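This report refers to the structure that appears directly beneath it.
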Amino acid sequence: MTRETSFLQMQARTQRFTLGIPKEIKVAPDGERVLFLRSPSGEERRHSLWQLDLATGKESVLADPAVLLADGDEELSAEERARRERSRMQASGIVGNATDAEARIVAFALSGRLYVTDALTGETRLLDTASPVVDPRPNPTGTHIAYVSDNALRVVTVDGTDDRALAEPEGEDRAYGLAEFIAAEEMNRSRGYWWSPDGQRLIVSHTDRSAVHRWHISDPANPAAGPHIVHYPAAGTPNVKVELLVIGLDGSRVKVDWTGTEYVATVHWSAGGPPLIAVQTRDQRTMQIRTVDPDTGETELLHQQDDPHWVDIVTGVPAWTSDGRLVRVVAAENAYRLVVDGKEVTDLPLQVRSVLDTDGDVLFTASAEDSTRVHVYRAGADGVTKVSSVDGVSSATRAADVTVVTSWRMDAAGPEVTVLRGAGQIGRIESFAVTPALEPKVIELTLGERKLRGALMFPAGHEPGSGKLPVLLDPYGGPHAQRVLASRNAYLTSQWLADQGFAVLVIDGRGTPGRGPAWEREIAYDFADVTLIDQVDGLHAAAEQYPDLDLSRVGIRGWSYGGYLAALAVLRRPDVFHAAIAGAPVTDWRLYDTHYTERYLGHPDTHPEVYERNSLPADAPNLERPLMIIHGLADDNVVVAHSLRLSSALVAAGRPHTLLPLPNVTHMTPQDESSAENFLLLQTTWLHDSLGKVRS
Numbered sequence: 001m002t003r004e005t006s007f008l009q010m011q012a013r014t015q016r017f018t019l020g021i022p023k024e025i026k027v028a029p030d031g032e033r034v035l036f037l038r039s040p041s042g043e044e045r046r047h048s049l050w051q052l053d054l055a056t057g058k059e060s061v062l063a064d065p066a067v068l069l070a071d072g073d074e075e076l077s078a079e080e081r082a083r084r085e086r087s088r089m090q091a092s093g094i095v096g097n098a099t100d101a102e103a104r105i106v107a108f109a110l111s112g113r114l115y116v117t118d119a120l121t122g123e124t125r126l127l128d129t130a131s132p133v134v135d136p137r138p139n140p141t142g143t144h145i146a147y148v149s150d151n152a153l154r155v156v157t158v159d160g161t162d163d164r165a166l167a168e169p170e171g172e173d174r175a176y177g178l179a180e181f182i183a184a185e186e187m188n189r190s191r192g193y194w195w196s197p198d199g200q201r202l203i204v205s206h207t208d209r210s211a212v213h214r215w216h217i218s219d220p221a222n223p224a225a226g227p228h229i230v231h232y233p234a235a236g237t238p239n240v241k242v243e244l245l246v247i248g249l250d251g252s253r254v255k256v257d258w259t260g261t262e263y264v265a266t267v268h269w270s271a272g273g274p275p276l277i278a279v280q281t282r283d284q285r286t287m288q289i290r291t292v293d294p295d296t297g298e299t300e301l302l303h304q305q306d307d308p309h310w311v312d313i314v315t316g317v318p319a320w321t322s323d324g325r326l327v328r329v330v331a332a333e334n335a336y337r338l339v340v341d342g343k344e345v346t347d348l349p350l351q352v353r354s355v356l357d358t359d360g361d362v363l364f365t366a367s368a369e370d371s372t373r374v375h376v377y378r379a380g381a382d383g384v385t386k387v388s389s390v391d392g393v394s395s396a397t398r399a400a401d402v403t404v405v406t407s408w409r410m411d412a413a414g415p416e417v418t419v420l421r422g423a424g425q426i427g428r429i430e431s432f433a434v435t436p437a438l439e440p441k442v443i444e445l446t447l448g449e450r451k452l453r454g455a456l457m458f459p460a461g462h463e464p465g466s467g468k469l470p471v472l473l474d475p476y477g478g479p480h481a482q483r484v485l486a487s488r489n490a491y492l493t494s495q496w497l498a499d500q501g502f503a504v505l506v507i508d509g510r511g512t513p514g515r516g517p518a519w520e521r522e523i524a525y526d527f528a529d530v531t532l533i534d535q536v537d538g539l540h541a542a543a544e545q546y547p548d549l550d551l552s553r554v555g556i557r558g559w560s561y562g563g564y565l566a567a568l569a570v571l572r573r574p575d576v577f578h579a580a581i582a583g584a585p586v587t588d589w590r591l592y593d594t595h596y597t598e599r600y601l602g603h604p605d606t607h608p609e610v611y612e613r614n615s616l617p618a619d620a621p622n623l624e625r626p627l628m629i630i631h632g633l634a635d636d637n638v639v640v641a642h643s644l645r646l647s648s649a650l651v652a653a654g655r656p657h658t659l660l661p662l663p664n665v666t667h668m669t670p671q672d673e674s675s676a677e678n679f680l681l682l683q684t685t686w687l688h689d690s691l692g693k694v695r696s
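For the record, in the sequence shown the residue sitting at position 151 is 151 according to UniProt numbering, with numbers rising by one throughout.
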């Protein structure tokens with residue numbers, strides 16, 4: 001077995017070298033303990049619940065799924081599988097650790113059953129409840145645990161007694177306490193209920209999907225199986241109807257009045273003030289922050305933000321500080337700015353990315369002049385202070401005076417997880433992640449007049465001037481996702497591709513995060529032209545700096561939006577791109593979901609020409625370069641109809657192409673070691689063959 005093959009298998013086995021890394025980190029408010037999830041090694045998928053004693057520095061396992069399940073196999077409900085697909089979660093075992101306010105009572109679901117761990121005594125108990133259990137969460141006082149089972153919101157006391165339904169659905173298309181598809185997939189809202197600070201009431205989402213179009217996802221590799229029905233809100237079609245209710249443990253129930261908007265972006269209920277909801281209009285040009293009277297359900301407009309394009313949903317806001325100040329993030333004067341109590345507390349060059357904690361000073365992440373670096377900052381009475389020190393990409397969690405910072409960097413393989421008390425380091429949480437055998441050699445680039453951020457990798461040992469290399473662009477290139485970051489592990493696959501004989505180039509164009517509102521809004525109504533122009537301009541600028549890039553042999557590959565961009569490249573710029581691999585591509589934007597697509601392209605009934613201009617089937621007669629289309633048949637996000645419609649149009653136009661269907665594969669690429677390895681080997685073989693036949 002070659003070293004390269006070993007790398008591919010190890011990359012699959014370790015889930016891209018993320019197993020063994022501390023996750024879901026929570027600091028106890030007494031500042032003495034840290035809870036986290038971690039698998040026991042870099043090659044084990046099952047995660048356990050751990051605790052770090054800050055006084056002794058000792059790490060201990062609080063709950064081990066191998067023990068709790070007696071090494072039996074974990075079984076997941078359809079609802080839990082859907083939740084994990086929306087978050088692209090591949091881990092198993094204990095994958096959530098919701099706690100009470102003191103971080104003592106920890107609730108988690110394992111194989112559809114409800115477990116509770118007392119972090120102080122170390123005792124873990126299985127509660128006798130309805131099953132399967134989804135998204136269990138203790139109340140802040142640690143007396144009750146709410147969870148969802150069969151679309152009903154239920155509650156049980158922490159000792160396992162009085163298990164009962166608080167809200168039961170009125171039909172199969174209704175649910176209480178679950179995030180709908182759009183919220184989980186596009187809004188970064190994975191939950192559907194929120195406890196009150198006193199633990200006696202909850203704000204609960206009630207969803208009704210009866211008006212949403214039903215799509216059928218079949219398994220052609222297993223013709224005896226019936227199709228899987230999904231309720232998919234495609235652009236221009238009805239969304240799930242969402243209501244909010246305040247439900248008490250005593251059986252009380254009031255409906256929250258937030259009429260006039262379409263989407264519930266987030267809910268916040270803390271001791272700092274009355275409950276907050278952030279709601280959006282369907283066109284996403286208006287975001288309202290409203291307070292809720294939990295006794296009557298009436299709401300009051302606290303703040304409204306309007307934007308001619310769209311108002312962004314920023315993770316962590318709106319929220320109250322512990323002393324009752326409202327925290328927001330606004331897009332103003334080409335910056336995402338942190339606003340506390342009505343005052344902008346950040347300014348250029350900072351671009352705020354997320355808010356991490358608002359208990360006292362506000363902890364947040366932001367980029368400064370360099371969008372490839374993300375730091376943790378604190379905004380307090382003494383101004384804005386940088387908390388993280390690693391030159392890379394950092395995030396954090398905090399309670400009391402303890403902050404745990406997780407940092408990725410270019411000069412190290414795994415993350416550094418440091419524990420700070422105040423500004424001083426008092427410890428670390430160990431990572432068990434496997435160190436990759438491959439070390440990316442990344443050349444960080446600033447390209448062209450728009451100063452596009454790029455990353456270039458040559459084959460290991462390549463000497464400048466020793467010969468021209470075929471070029472492989474490896475982008476995502478669209479909104480929401482950023483590929484060019486100061487993190488070594490972000491480039492492992494790209495470096496492996498380079499070692500197969502390519503100069504691999506990754507470019508973040510307009511629309512990608514980290515460079516401000518104006519940069520992101522450049523793509524409004526124009527996915528195709530803007531993102532493709534940036535890839536072309538970035539490629540030519542890189543070739544001017546590095547003459548070893550052979551512009552007569554240029555390939556491009558990508559997945560999801562990157563797949564769309566790859567197919568777009570060979571269809572519309574065959575003069576630049578000579579072969580493309582389009583993985584799970586969106587090809588017809590009328591088939592993609594409402595919240596994402598309508599934000600950028602508008603409503604298809606209002607802007608039909610925009611959808612036509614940005615979709616691909618009409619370009620099929622233009623194909624003159626090799627194109628491989630790859631799609632998972634079980635994909636319920638970008639459904640396989642996208643690839644089939646493009647393929648049908650290509651057949652009708654008499655344009656040869658390759659179509660590779662992947663049975664039982666969702667929107668995530670193949671995960672088992674053999675398939676993951678052969679998946680990439682097949683692509684590199686096809687690219688070399690296709691680029692070797694390039695005719696000018």
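Even for Gly, the Cβ is constructed at its ideal location relative to N, Cα and C.
Small disclaimer: the values here were computed from a predicted structure and weren't measured.
Only counting runs of 4 or more residues, tell me where the alpha helix (DSSP H) segments fall wholly within the segment 488-538, in order along the chain.
492-498, 517-521
Taking the Cβ atom as the reference point for each residue, do residue 751 and Trp-589 lie within a distance shorter than 7 Å?
Given a span of 1 to 696 for the chain in the structure shown, any question on residue 751 remains unanswerable.
Taking a contact to mean a Cβ-Cβ separation below 7 Å, would you say Thr-141 touches Gly-177 in this structure?
no
Runs of beta strand (DSSP E) wholly within the segment 287-369 (minimum 3 residues, chain order):
299-306, 326-332, 335-340, 351-357, 362-367
Determine whether the beta carbon atoms of Thr-372 and Leu-485 lie at a separation below 7 Å.
yes
In three-state DSSP terms, what is Thr-684?
helix
In whole angstroms, what is the alpha-carbon distance linking Glu-185 and Leu-549?
38 Å
With a CB to CB cut of under 8 Å and the five nearest residues on each side skipped, what residues in its chain are close to Arg-33?
Val-27, Gln-51, Leu-52, Asp-53, Leu-54, Ala-103, Ala-119
Give a yes or no on whether the C-beta atoms belonging to Leu-110 and Leu-68 are separated by under 7 Å.
yes
By the DSSP assignment, the beta strand (DSSP E) with Leu-37 in it spans what residues?
33-38
For His-47, does the count of other Cβ atoms within 10 angstroms reach 16, so buried, or fall short, so exposed?
buried
Which runs of the alpha helix (DSSP H) fall wholly inside the segment 623-667 and span at least 4 residues, in chain order?
641-652
Just to confirm, are Gln-500 and Pro-440 a CB contact at a threshold of 7 Å?
no
Roughly how many angstroms separate the alpha carbons of Glu-43 and Gln-671, rounded to a whole number?
13 Å
When you compare only the Cα positions, how much space is there between Val-384 and Arg-378?
6 Å
Candidates Ser-431, Asp-341, Val-314, Ala-319, of which the one nearest Val-352 by Cα:
Val-314
On the DSSP letters alone, give me the boundaries of the beta strand (DSSP E) that Glu-416 sits inside.
416-421
Within 10 angstroms of its Cβ, does Thr-259 collect 16 or more other Cβ (buried), or is it exposed?
exposed
When DSSP builds the beta bridges, which residues end up paired with Lys-693?
DSSP, once it has assigned bridges, lists no residue as partnering Lys-693.
Find the nearest neighbour of His-216 within the set Lys-693, Asp-635, Leu-687, judged by alpha-carbon distance.
Asp-635
If I'm right that Ile-182 touches Val-240 with Cβ under 8 Å, what's the distance once you round it to whole angstroms?
7 Å
Which residue comes first and which comes last in the alpha helix (DSSP H) that contains Pro-608?
608-614
Can you give the beta carbon distance from Pro-238 to Ala-211, rounded, assuming they're within the 8 Å contact cut?
4 Å
Ser-48: first and last residue of the uninterrupted alpha helix (DSSP H) it sits in
Ser-48 -> not in any alpha helix (DSSP H); beta strand (DSSP E) instead, spanning 46-53.
Between Val-264 and Val-242, is the Cβ-Cβ spacing less than 7 Å?
yes
Grab the span of the alpha helix (DSSP H) containing Gly-568 for me, first residue to last.
The question names Gly, yet the displayed sequence has Leu at residue 568. Looking at the DSSP string, the run of the alpha helix (DSSP H) that includes Leu-568 is 561-572.
In this structure, how does DSSP classify Arg-409 when only helix, strand and coil are distinguished?
strand
As assigned by DSSP and simplified to three states, the class of Trp-194
strand
Do the CB positions of Ala-542 and Leu-447 come within less than 7 Å of each other?
yes
On the CB-based measure, 16 or more other CB atoms within 10 Å of its CB, does His-213 come out buried or exposed?
exposed
On a CA-only basis, which of Ile-105, Gly-112, Asp-100 is nearest Gly-93? Give me that one, please.
Gly-112
With residue 717 as the anchor, note down where its beta strand (DSSP E) starts and where it stops.
The structure shown does not extend to residue 717, since the chain is modelled only from 1 to 696, so the question has no answer here.
Flag this pair as touching only if the segment 657-670 and the segment 595-611 have three or more C-beta atom pairs under 8 Å; answer yes or no.
no
Excluding five sequence neighbours on each side, which residues of the same chain lie with their C-beta closer than 7 Å to the C-beta of Gly-692?
none
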